[in-house]
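Under our numbering, the residues of the sequence shown are numbered 963 to 1037, in order.
For each residue, glycine too, the CB sits at the ideal point set by N, CA and C.
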Amino acid sequence: MGFRRQRKRRWQDLSTGQRRGIAVAAAVQFALLAFALADLVRRPSRKVRGRKLLWLPVLFVNYFGPVAYLVAGRK
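So, in structure tokens, the structure goes:
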């Protein structure tokens, strides 16, 4: 029982639906990041739970970071 190595899929190997799904997921991720980053920069420190500098790297954790900040980081 050996494991077969699957060939890495390239962009051109993906179906149109798969390409669209990846593009939509990327757009949502970047929109969340941009919104959360703009909010963090503009929001006064007294209206942020924790230090702003600690939230900054958290925002760059895909999906989780911006959502965590928007849900738990703002007062």
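Kindly indicate which three-state DSSP category ARG1008 falls into: helix, strand or coil?
-> Residue state for ARG1008 is assigned as helix, using DSSP reduced to three classes.
Identify whether ARG972 lies in helix, strand or coil by the three-state DSSP scheme.
-> Under the three-state reduction of DSSP output, ARG972 falls in the coil class, being neither helix nor strand.
Check the C-beta distance from LEU1002 over to LEU1018 and give it rounded, since I have them as a contact under 8 angstroms.
-> With 8 angstroms as the limit, LEU1002 and LEU1018 qualify as a contact, their Cβ atoms being about 7 angstroms apart.
Of the listed residues LYS1009, ALA1034, ALA996, nearest to ASN1024 (C-alpha basis) | That would be ALA996, whose Cα lies nearest to the Cα of ASN1024.
Could you check what DSSP says for ARG1036 in three-state terms: helix, strand or coil?
-> Strand.
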